[in-house]
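Chains as they are written, first to last, in the numbering used here: chain A, 1069 to 1210; chain B, 1069 to 1210; chain C, 1069 to 1210; chain D, 1069 to 1210.
Every residue, glycine too, gets a C-beta built ideally from N, C-alpha and C.
Number of protein chains: 4
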Amino acid sequence: MDLKLVMTADEVARLITQAFKADKPFFVIDELSPGSVRARLPFETWMLRPGDVVSGPALFTAADLAMYALVLSHTGPQLMAVTSNLDLNFLNKGEPGDVHAEGTLLKLGRRLAVMEVKLRCGDDPDLVAIATGTYVLPPAQR
Amino acid sequence: MDLKLVMTADEVARLITQAFKADKPFFVIDELSPGSVRARLPFETWMLRPGDVVSGPALFTAADLAMYALVLSHTGPQLMAVTSNLDLNFLNKGEPGDVHAEGTLLKLGRRLAVMEVKLRCGDDPDLVAIATGTYVLPPAQR
Amino acid sequence: MDLKLVMTADEVARLITQAFKADKPFFVIDELSPGSVRARLPFETWMLRPGDVVSGPALFTAADLAMYALVLSHTGPQLMAVTSNLDLNFLNKGEPGDVHAEGTLLKLGRRLAVMEVKLRCGDDPDLVAIATGTYVLPPAQR
Amino acid sequence: MDLKLVMTADEVARLITQAFKADKPFFVIDELSPGSVRARLPFETWMLRPGDVVSGPALFTAADLAMYALVLSHTGPQLMAVTSNLDLNFLNKGEPGDVHAEGTLLKLGRRLAVMEVKLRCGDDPDLVAIATGTYVLPPAQR
Chain A
1069 MDLKLVMTAD
1079 EVARLITQAF
1089 KADKPFFVID
1099 ELSPGSVRAR
1109 LPFETWMLRP
1119 GDVVSGPALF
1129 TAADLAMYAL
1139 VLSHTGPQLM
1149 AVTSNLDLNF
1159 LNKGEPGDVH
1169 AEGTLLKLGR
1179 RLAVMEVKLR
1189 CGDDPDLVAI
1199 ATGTYVLPPA
1209 QR
Chain B
1069 MDLKLVMTAD
1079 EVARLITQAF
1089 KADKPFFVID
1099 ELSPGSVRAR
1109 LPFETWMLRP
1119 GDVVSGPALF
1129 TAADLAMYAL
1139 VLSHTGPQLM
1149 AVTSNLDLNF
1159 LNKGEPGDVH
1169 AEGTLLKLGR
1179 RLAVMEVKLR
1189 CGDDPDLVAI
1199 ATGTYVLPPA
1209 QR
Chain C
1069 MDLKLVMTAD
1079 EVARLITQAF
1089 KADKPFFVID
1099 ELSPGSVRAR
1109 LPFETWMLRP
1119 GDVVSGPALF
1129 TAADLAMYAL
1139 VLSHTGPQLM
1149 AVTSNLDLNF
1159 LNKGEPGDVH
1169 AEGTLLKLGR
1179 RLAVMEVKLR
1189 CGDDPDLVAI
1199 ATGTYVLPPA
1209 QR
Chain D
1069 MDLKLVMTAD
1079 EVARLITQAF
1089 KADKPFFVID
1099 ELSPGSVRAR
1109 LPFETWMLRP
1119 GDVVSGPALF
1129 TAADLAMYAL
1139 VLSHTGPQLM
1149 AVTSNLDLNF
1159 LNKGEPGDVH
1169 AEGTLLKLGR
1179 RLAVMEVKLR
1189 CGDDPDLVAI
1199 ATGTYVLPPA
1209 QR
């Protein structure tokens, strides 16, 4: 695959903040390069589930936003790209802390993008979850 | 499968509210019967994504809580039952509104429970998403 | 969804046999109606795995062919429709016997079809596996 | 994770051949190390689907056997370890040729093993599919 970024990390982060009508950034893009992203969902208390471990919805959110960032950064500000499938495997308990997402673009076609995201929590180097997902891209504007 | 409820809808709803340390119920169980549940995540504005459609995290949350309710109601207050895998297919845009979850227990073994949840939004009868998932059950207490 | 069949069960079965260059039918379509199919992979010894239970590849094959039959019967002889994602949950051991597949079309869009298939083996009424999957449709020929 | 092999590649390959009652090896393990495997399903004509590309069942078979090899090599000859969930994303057409599987153990718990397998075909370096899956381990024999 010959991948090229068409937006910077800052542009993507700003676009996501605006698109979600958030009053301040809620998702941090730490590093963006062709085919991959390192991003982070900063810790908030809603992210915990019984047992004080990071919840499934928090992990899903981080995975889905990392995929959205990969799609936007490689195809431009196509806000209506949407998730078609997302499969999450939960591996280990996530300690309370930021959710770190390491995303990789596995395929970028004309109609679909397929990605994988590895998720870790706080300072723990162990994988907490792994996600694979597909986004459907809007028809190219000509 | 010979399935029997061991908790009522009210008991499960109260347990979930307490377990998540919520000050008021945030998940409604409309109907519970052996092997199935109808439940609902009442609408809140955080549930929308760009385009004013219901977001993936909101759909994931409803699916995961419906599965949790199925596990708890059939096995008792085992709060540490945890999601092992959750696969979500997004089918149609979800209009702003409550997320309705219709869950079915496909397998209840000693170690794993496998479930399916159909998701709809607001008054629209069309399916918005379908989830299949696996919960790992804690070892039986003896 | 307003679904309409554009091919008969016989036409679909014949098309699949030809497409796979098989010298005789290896997949039986028992019933076809708008949005659903009942089909069958007749038993052969290659389908068993250790423990004399039906293998994952045999279940996958039945699920994938049932989805292919649903796509073909609703969109016409588009042989190049391809599987994009297939998620299989294995529920119970499958006794040696035909693999019965009961498929439902959950979404038929212009670019994607999403389906669910329930799998049973032999005469056992219990579910052996459940599959959800996505097919990418070739661009419409005009 | 502290992973240790308890069987050699040859022992695992022989065990799989016997377990499937095959008269000769049908799955090659090219390299085995703690936490990972490189294996191969040698090409046969049944593996092709319409369009002369490698079929889903062939890719599923290679992914599932690579996971089985990972489980056996790290836990011993537990033939009754069974697949609980397998999710496959198809990325690119697979040219006729051996199916190469590169498997990684993501989690090895007492009850579940979670793995990822990357699949390529023939000499093409591009990914053809990626699988994530869960195996349920039989209760430890004591």
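Residue i (DSSP reduced to helix, strand or coil)
i, result
"Glu1112 (chain D)", "coil"
"Gly1171 (chain A)", "strand"
"Phe1128 (chain C)", "helix"
"Ser1104 (chain B)", "strand"
"Ser1123 (chain B)", "coil"
"Leu1071 (chain D)", "coil"
"Val1150 (chain B)", "strand"
"Thr1202 (chain D)", "strand"
"Val1139 (chain C)", "helix"
"Glu1184 (chain A)", "strand"
"Arg1179 (chain C)", "coil"
"Ala1197 (chain A)", "strand"
"Leu1159 (chain C)", "coil"
"Asp1166 (chain A)", "coil"
"Asp1098 (chain C)", "strand"
Rounded C-alpha distance that separates residue i from residue j
i, j, result
"Gly1119 (chain C)", "Asp1166 (chain A)", "45 Å"
"Arg1178 (chain D)", "Ala1199 (chain D)", "22 Å"
"Pro1093 (chain B)", "Pro1110 (chain B)", "10 Å"
"Pro1164 (chain D)", "Phe1095 (chain C)", "23 Å"
"Lys1175 (chain B)", "Met1183 (chain B)", "7 Å"
"Arg1106 (chain A)", "Ser1152 (chain B)", "24 Å"
"Thr1202 (chain C)", "Thr1085 (chain D)", "33 Å"
"Ala1181 (chain D)", "Ala1181 (chain A)", "28 Å"
"Pro1206 (chain A)", "Val1204 (chain C)", "14 Å"
"Ile1097 (chain C)", "Met1115 (chain C)", "19 Å"
"Gly1144 (chain C)", "Ser1104 (chain C)", "15 Å"
"Met1069 (chain C)", "Cys1189 (chain B)", "16 Å"
"Val1150 (chain B)", "Thr1113 (chain D)", "43 Å"
"Asp1194 (chain C)", "Arg1108 (chain C)", "16 Å"
"Asp1191 (chain A)", "Pro1125 (chain A)", "20 Å"
"Thr1076 (chain D)", "Arg1117 (chain C)", "22 Å"
"Pro1102 (chain B)", "Leu1071 (chain B)", "5 Å"
"Asp1078 (chain A)", "Thr1129 (chain B)", "29 Å"
"Ser1123 (chain B)", "Ala1081 (chain C)", "40 Å"
"Ala1197 (chain C)", "Ala1134 (chain A)", "31 Å"
For residue j and residue i, believed in contact at Cβ under 8 Å, the rounded distance
i, j, result
"Ala1087 (chain D)", "Leu1147 (chain D)", "5 Å"
"Val1121 (chain B)", "Lys1161 (chain B)", "4 Å"
"Leu1100 (chain D)", "Asp1132 (chain D)", "Actually they do not touch by this definition, with Cβ atoms about 17 Å apart."
"Leu1159 (chain B)", "Leu1127 (chain B)", "Not a contact, Cβ separation roughly 10 Å."
"His1142 (chain B)", "Leu1073 (chain B)", "7 Å"
Which residues, in order along the segment 1150-1165 of chain A, keep a beta-carbon less than 7 Å from a beta-carbon of chain B?
In summary, the residues of the segment 1150-1165 of chain A whose CB is separated from some CB of chain B by less than 7 Å are Val1150, Thr1151, Ser1152, Asn1153, Leu1154, Asp1155, Leu1156, Asn1157, Phe1158, in the order they occur in the chain.
Could you check whether the segment 1169-1188 of chain A touches the segment 1138-1153 of chain A, counting it as contact only if at least three pairs of C-beta atoms, one from each stretch, sit closer than 8 Å?
Look at the beta carbons and you see the segment 1169-1188 of chain A touching the segment 1138-1153 of chain A: at least three pairs across the two are nearer than 8 Å.
In chain order, what residues of the segment 1192-1206 of chain C put their CB closer than 8 Å to some CB of chain A?
Residues Thr1202, Val1204.
Taking a Cβ distance cut-off of 8 Å, strictly less, list which residues of the segment 1170-1181 of chain D are near chain B, in chain order.
Along the segment 1170-1181 of chain D, going in chain order, the ones with a CB nearer than 8 Å to a CB of chain B are Arg1179, Leu1180.
Residues from the segment 1085-1096 of chain B in contact with chain A, defined by Cβ distance under 7 Å:
Cβ proximity to chain A below 7 Å picks out Ala1087, Phe1088 from the segment 1085-1096 of chain B.
For the segment 1119-1150 of chain C, enumerate the residues whose C-beta is nearer than 7 Å to any C-beta of chain D, in chain order.
Only those residues of the segment 1119-1150 of chain C whose C-beta falls short of 7 Å from the nearest C-beta of chain D are listed: Gly1119, Gly1124, Pro1125, Phe1128, Thr1129, Asp1132, Leu1147, Met1148, Val1150.
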